[in-house]
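Q: Chains as they are written, first to last, in my numbering: chain A, 25 to 356; chain B, 25 to 356.
Even glycine gets a Cβ: it sits at the ideal position worked out from N, Cα and C.
Since this is a predicted model, take the numbers as computed values, not measurements.
Got a structure here, written out as structure tokens. Questions coming.
Dropping the structure here:
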């Protein structure tokens, strides 16, 4: 196997988060389920945006947050995702490059604007996400750079992007390229609602040995395994993949590789402001640890440190010096 | 005089702030003077944006921040400013309306994009501002609504917008309309560099009795008076206007009306994060107090409370419930 130029290359939604604080009554009035993610068309996005309060914009996207986190920890990361040739596309491209992530996907032309995710944060720090994917969902095979994929130790795919046909085809092609280059493939389940829709696809890929690292929160793993008990679901599913990571929010996370099962508690955070990006950043720390050849417990700890940083402020990209934080807390 | 529909109507730059944290060495490498404001052309803005770190976007503009603050305190506020028909224009219009401010200026068509202010915040919480004014500086007389101006107790103008010829003509027209309607006119000096350029204009307007409330920080008042000593400058200039407000950062603020001179200390803030908007929000509290017919000391206190809120977080628009904060702290 050739040496790698990148630790992780992600393919995911390229969206800008539009974050506003709100209260439970607004969610109720808008018919939104707290903590959920829904996809909006342009008209619904425009309507919800008009109804919501003043917002701040930061670059987002689940897998994009993950690679921004990896770069912030000193890892070598790349991202593939589709933005349009507009102001929010410029913001997305600026932010991910300024975070130190290799981003080469050219902006699309045409009328589909860069995607947005309208995020409503309630006083309990929970986030309700309303995504208008825009250009992110017209990512095509032509946007892939085979050499870039072959150069990354881990190819990381997010299920959020699995919903759309063109990006799905692109991800299938990327899977083949990574496999042929002998690289590892990580897949995050992203959202419990998607499991209903794409369970067969996921199981097929797992059966075919295409997924080396399967990532999900406990509810997603339970839905995938169709087992109501967390440990039962993990126990049933772990043998199917070389490495399984189950995140359990405040309860921490569990990693299983063969007959090794390691659990870690979440790092307590005094003032949880916004849980947006917690899972993305846990994945960042964990995947970087794995790419660097660290042990499971160390990789889990890196995930926990990164997740603790992100929930202490608004937005899903790190603001603290994550590299220093990891160095400091890993040696402590 | 007819009754009013608005407490304050502001005319100012309609820009979106692009805020990134940085360090002193970056400012030095870019040849930027910490704490200053400079105007960039499109090419320089593009270059600086590419060099700066990941950013967050929030609506800004000095006078726009002020009216957003007034609305957040429960005041009736309006804003006049030019955005383009693009994504950042949509963001600006959304945010100011969602803040409760009346904003009717239609977006411009044409190639000039919505303005941006690239703000670099150093670890000492100081902000260095680099404005690409874009569409904000093509505001024309046609954008004015004479009835809206006549309906506001106070017309508030910012000197930042005085730089550009078309907006300057629009502001001169607005001054006449407000005067004819018997309304009060407040003018903020905005920036010490502008005083060099427009001192004659300012003095002319003051001589002509067009400015009822003159607002500046101590350095601006000193430059305008051409007196090096703060109290000397205030003493020399106060007799020329019905009401003078001089803000003095950490030292507080001074208001002079005729032979009444009231001083207030700044409210101590434990964790100053970003001083962007401190002056804008002081003006918000002060002007709302004046519009509500409050005494000078009360109006100053409202300014100090609003300024203390804004420097405790990133961005120049309030995030806390400013109305509750004012009610709580004014009765304390």
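1. Would you check if the distance between the CB atom of residue 37 of chain B and the CB atom of residue 86 of chain B is smaller than 8 Å?
2. With contact counted as at least three CB pairs below 8 Å, one residue from each stretch, are the region 280–299 of chain A and the region 319–333 of chain A in contact?
3. List, from N- to C-terminal side, the alpha helix (DSSP H) runs of 4 residues or more that fit wholly inside the region 312–344 of chain A.
4. Kindly indicate which residue of B/295, B/276, B/44, B/227 has the alpha-carbon position closest to the one of residue 263 of chain B.
5. Spell out a yes or no on whether the region 41–51 of chain A and the region 91–99 of chain B are touching, meaning 3 or more CB-CB pairs, one atom from each, closer than 8 Å.
6. Please report how far the alpha carbon of residue 150 of chain B lies from the alpha carbon of residue 316 of chain B, in whole angstroms.
7. Could you tell me if residue 147 of chain B is buried or exposed, where buried requires 16 or more neighbouring beta carbons within 10 angstroms of its beta carbon?
8. If you draw a straight line from the alpha carbon of residue 7 of chain A to that of residue 30 of chain A, how long is it in whole angstroms?
9. Note down, in chain order, each residue of its chain lying with its Cβ closer than 6 Å to the Cβ of residue 124 of chain A, except the 5 sequence neighbours on either side.
10. Rank B/171, B/202, B/175 by C-alpha distance to the C-alpha of residue 27 of chain B and give the top, closest one.
11. Would you list, in chain order, the members of the region 67–91 of chain B that have their beta-carbon closer than 8 Å to a beta-carbon of chain A?
12. What does residue 115 of chain B touch in chain A if you count any residue whose Cβ is under 7 Å from its own?
13. Looking at C-alpha atoms only, which residue of B/281, B/274, B/312, B/286 is the closest neighbour of residue 296 of chain B?
14. Would you decide whether residue 134 of chain A is buried or exposed? Buried here means 16 or more other CB atoms lie within 10 Å of its CB.
15. Determine the closest residue to residue 277 of chain B out of B/62, B/261, B/303, with distance taken between C-alpha atoms.
16. Relative to the C-alpha of residue 279 of chain A, which residue among A/327, A/253, A/208, A/247 is closest?
17. Spell out whether any CB of chain B is found under 8 Å from the CB atom of residue 118 of chain A.
18. Taking Cβ positions only, does residue 150 of chain B come closer than 8 Å to chain A?
19. Output needed for residue 61 of chain A: all residues of its chain with C-beta closer than 6 Å, excluding positions within five of it in sequence on either side, in chain order.
20. Evaluate contact between the region 53–69 of chain B and the region 105–116 of chain A, counting only Cβ atoms and requiring at least three cross-stretch pairs below 8 Å.
21. Which of helix, strand or coil does DSSP assign to residue 282 of chain A?
22. Can at least three beta-carbon pairs, one atom from the region 319–326 of chain A and one from the region 347–354 of chain A, be found at a separation below 8 Å?
23. Assuming contact is defined by CB atoms lying nearer than 8 Å, are residue 180 of chain A and residue 286 of chain A in contact in what I supplied?
24. Could you work out which residues of chain A lie near residue 341 of chain B, taking near to mean beta carbons separated by less than 8 Å?
25. So, for residue 346 of chain A: in the same chain, excluding its five sequence neighbours on each side, which residues have a beta-carbon less than 7 Å away from its beta-carbon?
26. Is residue 218 of chain B close to chain A, meaning its C-beta is less than 8 Å from at least one C-beta of that chain?
27. With DSSP as the reference, please indicate the residues paired to residue 180 of chain A in a beta bridge.
28. Report yes if the C-beta distance between residue 118 of chain B and residue 73 of chain A is below 8 Å; otherwise report no.
29. Among B/171, B/188, B/156, B/144, which residue has its Cα nearest to the Cα of residue 163 of chain B?
30. Where do the N-terminal and C-terminal ends of the alpha helix (DSSP H) with residue 355 of chain A fall, by residue?
31. How big is the Cα-Cα spacing for residue 242 of chain B and residue 58 of chain B?
32. Going by CA-CA distance only, name the one from A/199, A/132, A/156, A/298 that's closest to residue 141 of chain A.
33. Compare the C-alpha of residue 177 of chain A against each of A/313, A/341, A/342, A/225 and name the closest.
34. Could you list which residues in chain A have their beta carbon closer than 8 Å to that of residue 283 of chain B, in chain order?
35. Can you list, in chain order, the residues of its chain whose CB lies under 8 Å from that of residue 65 of chain A, leaving out five sequence neighbours each side?
36. Could you have a look at residue 106 of chain B and say whether DSSP puts it in helix, strand or coil?
A: The relevant details are as follows:
1. By 1-based counting over the second chain, the position of residue 37 of chain B is 13. By 1-based counting over the second chain, the position of residue 86 of chain B is 62. Cβ distance < 8 Å, so residue 37 of chain B and residue 86 of chain B count as in contact.
2. yes
3. 320–334
4. Looking up residue 263 of chain B in the second chain gives position 239. It is B/227.
5. no
6. Along the second chain, read from residue 1 onward, the residue named residue 150 of chain B stands at position 126. Along the second chain, read from residue 1 onward, the residue named residue 316 of chain B stands at position 292. Near 32 Å, if we compare the C-alpha coordinates of residue 316 of chain B and residue 150 of chain B.
7. Against the second chain, residue 147 of chain B aligns to sequence position 123. Its Cβ having fewer than 16 others within 10 Å, residue 147 of chain B is exposed.
8. Since the displayed chain A opens at 25 and closes at 356, residue 7 of chain A lies outside it and no answer follows.
9. Within the first chain, numbered from 1, the residue matching residue 124 of chain A stands at position 100. Counting only Cβ-Cβ distances below 6 Å, and skipping sequence neighbours, we find 95.
10. Along the second chain, one-based indexing puts residue 27 of chain B at 3. Out of B/171, B/202, B/175, B/175 has the C-alpha closest to the C-alpha of residue 27 of chain B.
11. 73, 74, 76, 77, 78, 79, 80, 81, 82, 83
12. Reading the second chain from its first residue, position 91 is the one you call residue 115 of chain B. In chain order: 81.
13. Your numbering for residue 296 of chain B matches position 272 in the second chain. Selected option, being the one with the closest Cα: B/274.
14. Along the first chain, one-based indexing puts residue 134 of chain A at 110. By the neighbour-count rule (16 or more Cβ atoms within 10 Å), residue 134 of chain A is not buried but exposed.
15. Walking along the second chain from the start, residue 277 of chain B turns up at place 253. Ranking the options by Cα distance to residue 277 of chain B, first place goes to B/303.
16. Position 255 of the first chain, counted from the start, is the residue given in the question as residue 279 of chain A. Per the Cα distances, A/327.
17. Start at 1 with the first residue of the first chain, and residue 118 of chain A comes out as number 94. It does; some Cβ of chain B falls within 8 Å.
18. Position 126 of the second chain, counting from 1, holds the residue named residue 150 of chain B. It does not; no Cβ of chain A falls within 8 Å.
19. As a position in the first chain, residue 61 of chain A is number 37, starting the count at 1. Cβ within range, chain order: 153, 215.
20. no
21. Counting from 1 along the first chain, the entry for residue 282 of chain A is found at position 258. It is coil, neither helix nor strand.
22. yes
23. Residue numbering aside, residue 180 of chain A sits at position 156 when the first chain is read from its first letter. Residue numbering aside, residue 286 of chain A sits at position 262 when the first chain is read from its first letter. No, Cβ-Cβ distance for residue 180 of chain A and residue 286 of chain A is not below 8 Å.
24. For this step, residue 341 of chain B is matched to residue 317 along the second chain. Near residue 341 of chain B (Cβ distances below 8 Å), the residues of chain A are 78.
25. As a working note, residue 346 of chain A is residue 322 in the first chain. Once the five neighbours on either side are set aside, the close Cβ partners of residue 346 of chain A are 93, 96, 97, 330, 333.
26. Here residue 218 of chain B refers to the residue found at position 194 when the second chain is read from its first residue. False, the Cβ-Cβ gap to chain A never drops below 8 Å.
27. Within the first chain, residue 180 of chain A is the residue found at index 156, counting from 1. Paired residue(s): A/34, A/210.
28. Reading the second chain from its first residue, position 94 is the one you call residue 118 of chain B. Reading the first chain from its first residue, position 49 is the one you call residue 73 of chain A. Yes, the pair counts as a contact, with Cβ atoms nearer than the cut-off.
29. In the second chain, residue 163 of chain B corresponds to position 139, counting from 1. Checking every option, the nearest Cα to that of residue 163 of chain B belongs to B/188.
30. Counting from 1 along the first chain, the entry for residue 355 of chain A is found at position 331. Unbroken alpha helix (DSSP H) run through residue 355 of chain A: 346–355.
31. Along the second chain, read from residue 1 onward, the residue named residue 242 of chain B stands at position 218. Along the second chain, read from residue 1 onward, the residue named residue 58 of chain B stands at position 34. Distance between the alpha carbons of residue 242 of chain B and residue 58 of chain B is about 18 Å.
32. Residue mapping note: residue 141 of chain A aligns to position 117 of the first chain, counting from 1. Minimum Cα distance to residue 141 of chain A is reached at A/156.
33. Within the first chain, numbered from 1, the residue matching residue 177 of chain A stands at position 153. For the residues A/313, A/341, A/342, A/225, the minimum Cα distance to residue 177 of chain A belongs to A/313.
34. Along the second chain, read from residue 1 onward, the residue named residue 283 of chain B stands at position 259. Those within 8 Å of residue 283 of chain B in chain A number zero; the least Cβ separation is about 41 Å.
35. Position 41 of the first chain, counting from 1, holds the residue named residue 65 of chain A. Closer than 8 Å at the Cβ level, and outside the excluded window around residue 65 of chain A, lie 156.
36. Indexing the second chain from 1 puts residue 106 of chain B at position 82. It is coil, neither helix nor strand.
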